[in-house]
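Residue numbers (the working numbering): 11 to 204. All C-beta atoms in this analysis are idealised placements derived from N, C-alpha and C, irrespective of residue type, glycine included. Worksheet: the structure to be examined is printed underneath.
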């Protein structure tokens, strides 16, 4: 790996978004120092690895949604730790994050979970990629509005603050929207869940 980020870790739920983050970082030669996986049932994280490790594909896709998080971490020699909660704001998680060596945390938690103020009192900086160009598109439905208004999708890398979508923007980009069928699928997932 070309770039080891000793001051950067990932706090992550076992989700497709997390799989994308880790796989793309590794593919680009960027190695985070450690990954902290939010899971009240650690055995489920390892069971996923056992069930799916033989089905991992390398077929040129942007990332493999079926590749288990733990498999990717182990293959790239990235240490990880399971935090026994599915809530970033849980007392045990806040206490653990306060004591970690890393200063910067890439946050890839469960959808809809907002960081409570006491997480910002840990002295850590939380980096997040918001699915919309800030400050124009705030909230959780930014993709739909940006497609309707500009026929484009966007993303903004920000340092989180206690105020929603108000952090300093590090960088932002716009992209062509997905084909029409994918827009319908994204909408259905948003309404009914993954």
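query	result
For residue 81, three-class secondary structure by DSSP	helix
Three-state class that DSSP yields for residue 107 in the structure shown	helix
First and last residue of the uninterrupted alpha helix (DSSP H) at residue 160	152-160
Beta-carbon contacts of residue 19 that lie in its chain and below 8 Å, excluding the five residues immediately before and after	42, 43, 44, 45, 46, 110, 112, 114, 115, 116
Same chain, Cβ closer than 7 Å to residue 138, neighbours up to 5 away in sequence not counted	117, 168, 170
Three-state secondary structure assigned by DSSP to residue 102	helix
CA nearest to the CA of residue 172, picked from 142, 127, 179	127
Neighbourhood of residue 11 by C-beta, 6 Å cutoff - its chain only, sequence neighbours within 5 removed	Model confidence at residue 11 stands at a pLDDT of 43, short of 50, so the residue's coordinates are unreliable; what they give is reported in the following sentence. 39, 41.
Alpha carbon of residue 154 to alpha carbon of residue 82, nearest angstrom	31 Å
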